[in-house]
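Single-structure report; data block below.
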């Protein structure tokens with residue numbers, strides 16, 4: 004969870020009396036978040052580490068909502084970072100906060116709210132024991148599913164406590180659910196529309212009156228909890244919905260979006276992908292462009308969106324293909340090349356939804372968009388380099404062989420040894436600051452693919468899985 008790592012030991016007070024004698028200042032949850040957010044903004048600190056591409060749109064709206072003390076629902080397509088944003092908000096909590104030791108809820112020692120804690124506070128006075136809770140323990144998350152019950156979120160009668168002799172009207176017979184247990188903390192509900200409508204109704208009192216109702220009687224608990232939620236527009240309008248009274252109780256509804264700028268799209272891939280091999284920046288750019296083209300293509304269902312995980316999975320697949328080749332061929336360093344992009348189309352086909360009239364054309368559509376992305380990247384990075392010597396050499400009968408079973412050294416070795424080609428290869432390598440054989444081979448392969456897409460050279464795949472440019 005972002006911004007929740009422990010950086011300092013817990014404070015020393017262990018009783019209410021010691022806490023009163025210290026410099027501790029009690030703040031209610033919204034005041035705490037507001038104070039810490041304003042402090043970060045005044046100091047020029049970024050409380051939203053890891054949130055890429057939303058800095059000028061979503062983040063200002065979110066900051067204003069938190070300063071206003073509003074419960075928030077984030078509305079957006081899959082893979083737009085909604086859950087990451089919700090988790091990052093926990094970083095605005097105080098690192099440590101005191102709670103009554105042994106209490107079922109995280110009650111502040113100065114303000115017990117359950118009958119049991121109030122009784123203990125009255126009996127023990129300044130000797131009431133306290134413990135310190137880290138902010139990572141004050142964030143609760145629930146994935147809404149159709150089988151979620153009122154007991155899960157709000158609470159229910161505990162039959163074991165009733166069996167001990169307590170009456171059903173005794174508040175101490177209640178087993179508290181997720182929301183009350185998040186007292187003085189944050190509760191986030193992912194995919195809120197998936198909750199059954201009757202379950203959403205059970206949240207109304209919690210959201211507005213800040214009390215809970217269980218099995219026909221009301222227990223007045225001044226809950227201090229921030230409720231956050233996420234929703235996907237497709238679920239929001241079709242499979243499920245947020246009931247109107249509950250929508251009304253959220254102070255802010257904020258629309259998220261995919262990265263607007265290409266650099267931000269690349270930044271998300273670099274931040275999130277776990278790459279097991281060297282993947283040159285231009286290959287990540289190709290995948291970023293590829294993702295953006297899928298989000299614009301009418302053959303792809305844009306209502307469900309194309310997640311950022313699409314490009315992340317693509318980058319990890321490309322890296323894995325390079326690692327596989329290096330292991331099979333005994334290469335010391337695994338460097339991804341354009342040929343590794345061929346594995347992406349098959350792997351990623353299942354991560355997006357196509358329109359109903361496009362059955363059977365899925366691979367064709369994705370392959371076309373990938374070629375378009377490669378061509379754009381070649382124009383962006385190799386413009387101004389004279390590639391004619393490569394074209395001439397290939398026309399003179401010097402084919403270049405590549406493939407997922409062709410090493411970088413073999414690819415470079417298949418290039419003509421004449422001086423014009425050598426200078427062109429040097430210029431290509433210099434453009435990408437390629438130092439090793441693997442990096443040079445990857446850069447040259449990008450140039451060859453660009454020439455093929457520009458229809459200046461040919462390209463064929465042989466029976467052994469090799470690709471021949473000629």
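Residue numbers (the numbering used here): 4 to 473.
We treat Cβ as the ideally placed atom computed from N, Cα and C, and that holds for glycine.
Based on the DSSP output, what are the partners of residue 132 in its beta bridges? Numbered from its first residue, the chain shown carries residue 132 at position 129. According to DSSP, residue 132 bridges with 18.
Quick check on residue 108: does DSSP put it in helix, strand or coil? Walking along the chain shown from the start, residue 108 turns up at place 105. Residue 108: coil per DSSP, three-state reduction.
For a test of the three-state rule: what should DSSP assign to residue 240, helix, strand or coil? Here residue 240 refers to the residue found at position 237 of the chain shown. Note that residue 240 scores 49 on pLDDT, short of 50, meaning its location in the model is unreliable; the coordinates nonetheless yield the value given after this. Reduced to three states, the DSSP call for residue 240 is helix.
How close, in whole Å, do the beta carbons of residue 465 and residue 407 come, if the pair is a contact with beta carbons under 8 Å? Along the chain shown, read from residue 1 onward, the residue named residue 465 stands at position 462. Along the chain shown, read from residue 1 onward, the residue named residue 407 stands at position 404. Their Cβ separation, rounded to whole angstroms, is 13 Å, which puts residue 465 and residue 407 out of contact at 8 Å.
Inter-residue CB distance, residue 372 and residue 352 (contact presumed, cutoff 8 Å): One-based indexing of the chain shown puts residue 372 at position 369. One-based indexing of the chain shown puts residue 352 at position 349. At roughly 12 Å, the Cβ-Cβ gap does not stay under 8 Å, so residue 372 and residue 352 are not in contact.
Cβ contact (3+ pairs, closer than 8 Å) linking the region 67-87 and the region 105-120: no
Could you tell me which whole alpha helix (DSSP H) segments of length 4 or greater appear in the region 383-437? 391-398, 411-416, 422-434
Taking the alpha-carbon of residue 368 as reference, which of 297, 422, 211, 438 has the nearest alpha-carbon? As a position in the chain shown, residue 368 is number 365, starting the count at 1. That would be 297, whose Cα lies nearest to the Cα of residue 368.
Following the continuous alpha helix (DSSP H) through residue 462, name the residue where it begins and the one where it ends. Here residue 462 corresponds to residue number 459 of the chain shown, with the count starting at 1. No alpha helix (DSSP H) holds residue 462; the beta strand (DSSP E) holding it covers 462-464.
With respect to 7 Å, is the separation between the Cβ of residue 207 and the closest non-hydrogen atom of the ligand SAH below this value? With respect to the ligand SAH, the structure shown offers nothing to examine, as it has no ligands at all.
Thinking just about the alpha-carbon of each residue, which of 249, 134, 423, 320 is nearest to the one in residue 391? Taking the first residue of the chain shown as 1, we reach residue 391 at position 388. For residue 391, the nearest C-alpha among the options comes from 423.
Work out the CA separation of residue 254 and residue 337 for me, nearest whole Å. Taking the chain shown and counting its residues from 1, one reaches residue 337 at position 334. Taking the chain shown and counting its residues from 1, one reaches residue 254 at position 251. C-alpha separation (whole angstroms): 51 Å.
In this structure, how does DSSP classify residue 75 when only helix, strand and coil are distinguished? Residue mapping note: residue 75 aligns to position 72 of the chain shown, counting from 1. Strand at residue 75.
Measuring only the C-alpha atoms, how far is residue 129 from residue 18? In the chain shown, the residue the question calls residue 129 occupies position 126. In the chain shown, the residue the question calls residue 18 occupies position 15. Cα-Cα distance, rounded: 6 Å.
Which residue wins for smallest C-alpha separation from residue 54, given the options 435, 393, 94? Against the chain shown, residue 54 aligns to sequence position 51. Ranking 435, 393, 94 by Cα distance to residue 54 puts 94 first.
Grouping DSSP H, G and I as helix and E and B as strand, with all else coil, what is residue 113? As a working mapping, residue 113 is identified with position 110 in the chain shown. Residue 113 falls in the coil class under three-state DSSP.
On a CA-only basis, which of 472, 309, 269, 281 is nearest residue 339? Give me that one, please. For this step, residue 339 is matched to residue 336 along the chain shown. If we check each option's Cα against that of residue 339, 281 comes out closest.
Do residue 156 and residue 180 count as a contact pair if the criterion is CB distance below 8 Å? For this step, residue 180 is matched to residue 177 along the chain shown. For this step, residue 156 is matched to residue 153 along the chain shown. Yes.
Three-state secondary structure assigned by DSSP to residue 371: Against the chain shown, residue 371 aligns to sequence position 368. Correct three-state label for residue 371: helix.
Over the uninterrupted beta strand (DSSP E) stretch that includes residue 193, give me the two end residues. Residue mapping note: residue 193 aligns to position 190 of the chain shown, counting from 1. Counting along the chain, the beta strand (DSSP E) containing residue 193 begins and ends at 188-193.
Where residue 274 falls, given that 16 or more other Cβ within 10 Å makes a residue buried: Within the chain shown, numbered from 1, the residue matching residue 274 stands at position 271. Burial call: exposed.
What is the DSSP secondary structure of residue 24, counted as helix, strand or coil? For the purposes of this step, residue 24 is identified with residue 21 of the chain shown, where counting begins at 1. In the structure shown, residue 24 sits in a helix (DSSP, three-state: H, G or I).
Distance, Cα to Cα, residue 15 vs residue 139? Here residue 15 refers to the residue found at position 12 when the chain shown is read from its first residue. Here residue 139 refers to the residue found at position 136 when the chain shown is read from its first residue. Distance between the alpha carbons of residue 15 and residue 139 is about 19 Å.
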